[in-house]
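Asks:
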Amino acid sequence: MPCMPLRSVPEGHSVSAHLFRRVVSMSHEVEFLNGVPSFTVGQFSQVLNNVLKASFDEGVWVEGEIQGLRSPNPHAYFSLIENVDGAKAQLSINLFAGPLRNVQAKLRQQGITLKDGLKVRLFGRVEYYGPFGKLNLIATDVDTQFSAGDVAAKREELLRVLLEKGVDKINKRIPVPMVPLRLGIISSSQAAGWADAQQHLTESGIGFSITFVDVRVQGDAAAPQIVAALNTFSRRDDIDIVMLMRGGGSKGDLAAFDDEQIAMAISRCSHPVFTGIGHEIDTSIADIVAHSANKTPTACAQAVIAIIEEFLGELSYSAGALRSLTQTSVERARSRIAVSVERLRTRPRTALYKQAQVLTMHAASLRLLDPVTTMARGWSITRDAAGNVVRSISDVSPGDTVITALADGSVTSTVEGVA
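So the sequence shown is residues 3 to 421, counted in our numbering.
1) What number of angstroms, rounded off, separates the C-alpha of Ala258 from the C-alpha of Ile264?
2) Taking only the alpha-carbon atoms, compute the straight-line gap between Leu2 and Gly322 and give it to the nearest angstrom.
3) What does the Cβ neighbour count give for Gly209, buried or exposed, with the cut at 16 atoms within 10 Å?
4) So, for Gly186: in the same chain, excluding its five sequence neighbours on each side, which residues have a beta-carbon less than 6 Å away from its beta-carbon?
5) Between Gly151, Ala421, Thr375, which lies nearest to Ala407 when the distance is taken from Cα to Cα?
6) If distances are taken between C-alpha atoms only, which option among Ser415, Gly135, Glu158, Lys90 comes closest to Ser286?
7) Which residues in the same chain as Lys117 place their Cβ atom closer than 8 Å to its Cβ, once the five residues preceding and following it in sequence are excluded?
8) How about Ala199 and Met247: do their beta carbons lie closer than 7 Å?
9) How about the stretch 114-128 and the stretch 60-67: do they share at least three Cβ pairs that are nearer than 8 Å?
10) Please list the terminal residues of the continuous beta strand (DSSP E) segment that includes Ile268.
11) Within 10 angstroms of its Cβ, does Leu35 collect 16 or more other Cβ (buried), or is it exposed?
12) What are the boundary residues of the alpha helix (DSSP H) that includes Gln48?
13) Shortest alpha-carbon distance to Glu84 belongs to which of Arg110, Ser94, Thr384, Ala194?
14) Beta carbon of Pro373: closer than 6 Å to some heavy atom of the ligand NAP?
15) Determine whether the beta carbon atoms of Val417 and Asp397 lie at a separation below 7 Å.
16) Could you give the residue range of the beta strand (DSSP E) that holds Asn85?
17) For the structure I just gave you, are there three or more beta carbon pairs, one from the stretch 139-147 and one from the stretch 103-116, closer than 8 Å?
18) Inspect the beta-carbon positions of Gly249 and Ala193 and report whether they are closer than 7 Å.
19) Is Ala142 helix, strand or coil by DSSP?
20) Taking only the alpha-carbon atoms, compute the straight-line gap between Ser269 and Ala91 and give it to the nearest angstrom.
21) From this set, Ser412, Glu262, Leu317, which residue's C-alpha is nearest Trp381's C-alpha?
22) Using the beta-carbon count (16 or more within 10 Å), is Thr414 buried or exposed?
23) Give every residue of the same chain whose Cβ lies closer than 7 Å to the Cβ of Ser272, excluding the five residues on either side of it in the sequence, and list them in chain order.
24) In terms of alpha-carbon separation, which member of Asp255, Trp196, Leu137, Gly207 lies closest to Ala225?
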């Protein structure tokens, strides 16, 4: 709905003065004191309302920041505030049931939640509520592009600060266990995305141990519940990987995952955090600061399964290599044993043959040295009566008895003389 200009007023008159006089002139109950209108409180309230209606008879756009939002079903009440030169200006806003549903639906399409701190541009009619002496804007519409720009700017600023502080790198430094079988799941038990991921984990045939925390994954309650779940898993030592998952939805449905508190909780988590949030085109701040960002819950489950399958593949390869190495070693050992056996089989024969040759040589030598052999060639050995070998004529005297050993016997003689 476009903003409408105020109607022109006669020259020399301010808008308020002209309208006020016009409204007063239409009242037949107004009294004048010294030419100045005099009202009761009720009359003055009515005049103010008439002036406001006349001034903004086609409505008005007002922009500001939401503060003090209250939503007693089915309506919403809050203030729009603005800091002007250090002072706060504020205007009370009433959003009744029908317009509230319309405003929330339009904001949700842009990924925006009506909440404190959100800057909005609202359309409505101005009303002075006499019983409370309060000026209100009865809002009926919202400029979503205005709020979307504010939300985008805040998101970019938050992301800039997080990147500047290195928050996006903290969880990525945590090593993923070699065999991450103990999974901490954070999702909604009613989410189709979790159902798909669960099916993949089950059908993988891998014995995962799953601890599930059921949380809201959209709306104002989502961020506090997700943060609490992350903190709980961070304190546990029986978790290998934390998986934060939420299926597709509108920007508004996924807005919770751009929350600063979730980002900080991920960075503080003592376990690697894997995300699977939204569709393939969506990237949240939670994705950016997580250890591993996956496009969907199913992709998140597949990423964990792939880690296990890679380990099993490496294990199978190592087992095959070990079998091959063992077989090769056994074959080499068998070959060495066969050679040794053959050596043992042939070595004694060779040794005995060599020893026989040596013995033959020794026997020949002994035969050459045998006195019998020498005496057979004409030599003899003479001993005295005491059995001592007679080597010199000086060893005997005439009259001594000597015994001469020959090859075939011995001769006993008496020495008659020594020459």
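C-beta atoms are modelled at their ideal positions from N, C-alpha and C, and glycine is treated no differently.
Replies: This is what the structure gives:
1) Working through the sequence shown from its first residue, we reach residue 258 at position 256. Working through the sequence shown from its first residue, we reach residue 264 at position 262. One C-alpha to the other measures close to 8 Å.
2) Outside the displayed range of the chain (3 to 421) lies residue 2, so it cannot be described from this structure.
3) Position 207 of the sequence shown, counted from the first residue, corresponds to residue 209. It counts as exposed.
4) The count along the sequence shown starts at 1 and reaches residue 186 at position 184. Same-chain partners within the cutoff: Thr213, Phe235, Ile241, Val244.
5) For the purposes of this step, residue 407 is taken as residue 405 along the sequence shown, with counting starting at 1. For Ala407, the closest of Gly151, Ala421, Thr375 by C-alpha to C-alpha distance is Thr375.
6) Numbered from 1 along the sequence shown, position 284 holds the residue referred to as residue 286. Among Ser415, Gly135, Glu158, Lys90, the Cα nearest to that of Ser286 belongs to Glu158.
7) In the sequence shown, counting from the first residue as 1, residue 117 sits at position 115. Here the set comprises Ile68, Leu71, Asp222.
8) To locate residue 199, count along the sequence shown from 1; it is residue 197. To locate residue 247, count along the sequence shown from 1; it is residue 245. A contact, by the Cβ cut-off of 7 Å.
9) yes
10) Locating residue 268 in the sequence shown gives position 266, counting from the first residue. Taken as a continuous stretch (DSSP letters only), Ile268 belongs to no beta strand (DSSP E), being part of the alpha helix (DSSP H) at 262-270.
11) Counting from 1 along the sequence shown, the entry for residue 35 is found at position 33. Its Cβ having fewer than 16 others within 10 Å, Leu35 is exposed.
12) Looking up residue 48 in the sequence shown gives position 46. Unbroken alpha helix (DSSP H) run through Gln48: 43-57.
13) Position 82 of the sequence shown, counted from the first residue, corresponds to residue 84. Among Arg110, Ser94, Thr384, Ala194, the Cα nearest to that of Glu84 is on Ser94.
14) No copy of the ligand NAP appears in this structure; indeed no ligand is present at all.
15) Against the sequence shown, residue 417 aligns to sequence position 415. Against the sequence shown, residue 397 aligns to sequence position 395. Val417 places its beta carbon 7 Å or farther from that of Asp397.
16) Position 83 of the sequence shown, counted from the start, is the residue given in the question as residue 85. Note, Asn85: beta strand (DSSP E), 78-86.
17) yes
18) Looking up residue 249 in the sequence shown gives position 247. Looking up residue 193 in the sequence shown gives position 191. Going by C-beta atoms, Gly249 is nearer than 7 Å to Ala193.
19) The residue labelled residue 142 in the question sits at position 140 within the sequence shown. It should be pointed out that residue 142 corresponds to Thr in this sequence rather than to Ala. Strand.
20) The count along the sequence shown starts at 1 and reaches residue 269 at position 267. The count along the sequence shown starts at 1 and reaches residue 91 at position 89. Going from the Cα of Ser269 to the Cα of Ala91 covers about 38 Å.
21) As a position in the sequence shown, residue 381 is number 379, starting the count at 1. The shortest Cα separation from Trp381 among Ser412, Glu262, Leu317 belongs to Ser412.
22) As a working mapping, residue 414 is identified with position 412 in the sequence shown. Thr414 comes out exposed.
23) Looking up residue 272 in the sequence shown gives position 270. Closer than 7 Å at the Cβ level, and outside the excluded window around Ser272, lie Ser236.
24) Looking up residue 225 in the sequence shown gives position 223. When each option's Cα is compared against that of Ala225, the closest is Asp255.
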